Amino acid sequence: MEIKAKSGMKTLLLNEGRASRNRCLMKRSFILLFVVSSGVLFVLYYMDFSDQSRCRSGGKLCIFRKITYVTPTKLAPEPNTISPLRPTEPASTCSFHSASPENAAEVNLLKESIAWPETPSVPPDFSLNDTSDPAHSTFTILPRRGGGSWHVGDQLEVLIKISDFHGRPRKTGGDLFYARLQNRAVFAGAAGKVLDHRNGSYTAVFSLLWDGNAEVEVSLVHPSEAITVLAKVTQEYPDRAYFLSVFRSGSITETVRCNVCLKGPKEKLCNYTDLHTGEPWFCYKPKKLTCDNRITHSKGGFSFKPESKENQLFQRGVNMKVSIPSFGPSSIKILPKLKDGTNEIVKTNPAGYYYQGAWQALDGTTVRQFNNASARTQCLKGKVVHLYGDSTVRQFFEFLIENTPDLKIFDLKSPGKAGPYMALDHKNNILLTYRCHGTPILYTPMLAIETRHIATELRTVAGGPDTVIVISVWAHFTSFPIEVYIRRLLNIKRAVVELLTRAPGTLVIIRTSNPKESVLREIWTSSDWYALQCYKVLREIFKGVNVQLLDAWEMCLAHQLPHSLHPQTPIVKNMIDVVLSHTCPLGGKSKGATKQ
259 MEIKAKSGMK TLLLNEGRAS RNRCLMKRSF ILLFVVSSGV LFVLYYMDFS
309 DQSRCRSGGK LCIFRKITYV TPTKLAPEPN TISPLRPTEP ASTCSFHSAS
359 PENAAEVNLL KESIAWPETP SVPPDFSLND TSDPAHSTFT ILPRRGGGSW
409 HVGDQLEVLI KISDFHGRPR KTGGDLFYAR LQNRAVFAGA AGKVLDHRNG
459 SYTAVFSLLW DGNAEVEVSL VHPSEAITVL AKVTQEYPDR AYFLSVFRSG
509 SITETVRCNV CLKGPKEKLC NYTDLHTGEP WFCYKPKKLT CDNRITHSKG
559 GFSFKPESKE NQLFQRGVNM KVSIPSFGPS SIKILPKLKD GTNEIVKTNP
609 AGYYYQGAWQ ALDGTTVRQF NNASARTQCL KGKVVHLYGD STVRQFFEFL
659 IENTPDLKIF DLKSPGKAGP YMALDHKNNI LLTYRCHGTP ILYTPMLAIE
709 TRHIATELRT VAGGPDTVIV ISVWAHFTSF PIEVYIRRLL NIKRAVVELL
759 TRAPGTLVII RTSNPKESVL REIWTSSDWY ALQCYKVLRE IFKGVNVQLL
809 DAWEMCLAHQ LPHSLHPQTP IVKNMIDVVL SHTCPLGGKS KGATKQ
């Protein structure tokens, strides 16, 4: 019995020892698990925090993804440049004509608002002799309604009759014209509005805005058959402008084609669609590198070659921006405005006119003349001015730097013309910046990460009564279907409305497109007809929004200087005067929404 008792006691002690060791192991396991979990959580937190810190220091909106797993990898040598953009998962399809469901109805209405009159078909064997010929066409000044002399405030009507190269009257409409009133002696000019009667005749309507002489000028920009071809080219070749991106990792470099939309299966594409705005952008996937290795963005070129016979429709001196002769007098004498006020300017609603070389706005704005650096500095004192968009607003930055010596450029080491740029006047507390808009943009090589969308940038602007925003987006969109431009403007409009909601005192100025010189090799991507569609759409989209419209279209059309993508200095100076007049209005109060 004693032996059995000792044996039982030994077994009990042995079991208790094992249990104790098991409890100890479990305790240690829980401690080890806690330490490991804490370490992982710390690493993930640090990664997220460092990402957020970099985003804040970069001054841009960041969108963080949920981390699903962590796999140790061997890091490739880091290129000597900024970190590349990180794309989303590739999409299965893309389209130049797509619109989000919530925007579909608005997009259709906008397209209807700019619908062009029906134009004749252009078969392969068409004859130039059957198309509109400015030399065989005429314009006639119609008598004043009610008779008598012309007075300031009257409306002048001019009848335009179009014939073909055989001298036969045209029976259809759809031609594109420019009409303006000029008095070169006093540097006066105003744009007219052309009404299409769709039967080969047109009426140009002018408001008479100064007394003295006024010369009528009418030009055929494109015959209707040319409009048919331009519309067909955009429909059939929406990707004729293309872009390039360089991908790099260590010593490996690859260059691929990019665009708003690319043909190919999704596994062959890198999708860089903006997560915030939904603006699409794709590049072909490089053969050796990943989509994360994208470094630069640049202009590629144009891949469209027209039919040789179609070039006949775009001949300088023949049927492209050619003056039409008058039938009868081409000028009138304008007397001062009648005292009874019966001839008010109400029908054509021009944006303004030039007199003595200075722009006179007709939207209620008193345009002041800021003729020296001191006047410009005084107006901008204490202001932050952000310029966003293409090179037509970069001109404003360049003009102010050149003509306001106290504004000194702060070197951001930006490449070429792409920017971003910054200038400071420390003494007067003035900050001036320029940043280009996001893709598509036909610039020389720039860092891909700098192709930021204006809508995203506006969400980082505090705004307020000392903040001025000027936006110009159009010149890089003329080769694309209008839906691409509409989508961009709608995104900008939403961001502008949000900015004005949180900071109502912010001044926002939208610059429109403008006519440019006509060069055959550029017609297929940047014809004035394309730019005119952008002009009309922009006016519709921002109608009723509390922004100021800088009508560059009329300011260029009304001026006697030749048309240019980048208007000459006298026109730019007048545009700057309009901007500064909104910034520093007489009486110190800004207007509300622009009348359009």
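As numbered in the numbering used here, residues 259 to 854 make up the sequence shown, in order. C-beta atoms are modelled at their ideal positions from N, C-alpha and C, and glycine is treated no differently. This one's a predicted model, so the numbers in the text were calculated from it and none came from an experiment.
Cβ separation of residue i and residue j, assumed to be a contact under 8 Å, to the nearest whole Å
i       : j       : result
Thr-623 : His-840 : 7 Å
Ser-465 : Thr-606 : 5 Å
Tyr-646 : His-695 : 6 Å
Ser-581 : Ser-477 : 5 Å
Val-795 : Lys-751 : Rounded, the Cβ-Cβ distance is 11 Å, inconsistent with contact.
Leu-748 : Asn-361 : 6 Å
Thr-635 : Asp-669 : Their Cβ separation, rounded to whole angstroms, is 21 Å, which puts Thr-635 and Asp-669 out of contact at 8 Å.
Pro-375 : Gly-450 : About 18 Å separates the two Cβ atoms, so there is no contact after all.
Ile-740 : Lys-419 : That pair is no contact at about 31 Å.
Between the CA atoms of residue j and residue i - distance to the nearest angstrom
i       : j       : result
Glu-493 : Thr-783 : Residue identity check: residue 493 is Gln in the sequence provided, not Glu. Their Cα atoms are separated by approximately 12 Å.
Gly-845 : Ile-707 : 43 Å
Gly-447 : Gly-470 : 12 Å
Gln-791 : Ala-616 : 27 Å
His-817 : Leu-658 : 21 Å
Leu-815 : Pro-773 : 7 Å
Ile-829 : Asp-621 : 19 Å
Cys-549 : Tyr-530 : 9 Å
Leu-434 : Thr-827 : 27 Å
Pro-698 : Leu-596 : 52 Å
Pro-496 : Pro-381 : 21 Å
Leu-527 : Trp-787 : 33 Å
Phe-562 : Pro-703 : 22 Å
Thr-396 : Phe-585 : 6 Å
Gly-722 : Leu-758 : 9 Å
Gly-316 : Lys-524 : With a pLDDT of only 37 at Gly-316, under 50, the local geometry of the prediction cannot be trusted, and the value read off the model is given with reservation. Roughly 31 Å separates the two Cα atoms.
Ala-833 : Val-491 : In the sequence as presented, Ala is not what sits at residue 833; that position holds Met. Between Met-833 and Val-491, the C-alpha separation is close to 33 Å.
Arg-438 : Asn-630 : 30 Å
Val-625 : Val-452 : 27 Å
Pro-378 : Ser-822 : 29 Å
Lys-831 : Val-755 : 28 Å
Residues that residue i bridges to, as DSSP identifies them
i       : result
Glu-475 : Arg-438
His-644 : Thr-691 and Ile-727
Leu-417 : Thr-398 and Thr-461
Asn-629 : None; Asn-629 has no bridge partner.
Ala-681 : Ile-667 and Leu-690
Glu-512 : Phe-505
Asp-422 : Ser-390
Tyr-495 : The partner list for Tyr-495 (beta bridge, DSSP) is empty, contrary to what the question assumes.
Phe-540 : Asn-517 and Asn-529
His-409 : Leu-593
Met-578 : Arg-574
Trp-617 : Tyr-612
Gly-559 : Tyr-500
Spatial neighbours of residue i in its chain, beta-carbon cut-off 8 Å, leaving aside the 5 residues before and after
i       : result
Leu-547 : Phe-505, Arg-506, Ser-507, Ile-510 and Glu-512
Lys-429 : Asn-457 and Gly-458
Val-837 : Phe-654, Val-726, Val-728, Ile-767 and Leu-808
Lys-675 : Ser-649, Arg-652, Tyr-701 and Thr-702
Cys-519 : Cys-352, Ser-353, Phe-354, Pro-496, Asp-497, Pro-538 and Phe-540
Own chain residues within Cβ distance below 7 Å of residue i, not counting five before or after
i       : result
Gly-558 : Tyr-500, Phe-501, Leu-502 and Arg-515
Ala-484 : Leu-571 and Phe-572
Ser-358 : Gly-536
Lys-685 : Asp-664
Asn-687 : Lys-639 and Gly-640
Ala-720 : Ala-761
Thr-554 : Ser-503, Val-504, Pro-703, Met-704, Leu-705 and Ala-706
Pro-587 : Ile-399
Gln-627 : Ala-616 and Asp-835
Close beta carbons around residue i, own chain, < 6 Å, minus the five adjacent residues each side
i       : result
Tyr-692 : Leu-645, Arg-652, Phe-655, Gly-677 and Tyr-679
Ile-590 : Trp-408 and Ala-472
Pro-544 : Phe-505, Glu-512 and Val-514
Gly-610 : Trp-617, Gln-618, Ala-619 and Leu-620
Lys-318 : For Lys-318, the predicted structure reports a pLDDT of 34, less than 50, and the residue's modelled location is therefore unreliable. The matter cannot be settled from this model.
Met-578 : Phe-572 and Ser-776
Leu-467 : Ala-448 and Tyr-611
Ser-371 : Glu-798
Gly-763 : Gly-722 and Pro-723
Arg-710 : Gly-696
Taking 8 Å as the cut-off, does the region 362 to 371 touch the region 390 to 404 (at least 3 CB pairs, one atom from each stretch)? no
Count the C-beta pairs between the region 710 to 728 and the region 760 to 767 that are closer than 8 Å, then say yes if the count reaches three, no if not. yes
Can at least three beta-carbon pairs, one atom from the region 671 to 688 and one from the region 632 to 646, be found at a separation below 8 Å? Yes, they touch.
Counting pairs of beta carbons, one from the region 407 to 427 and one from the region 557 to 574, are three or more of them closer than 8 Å? no
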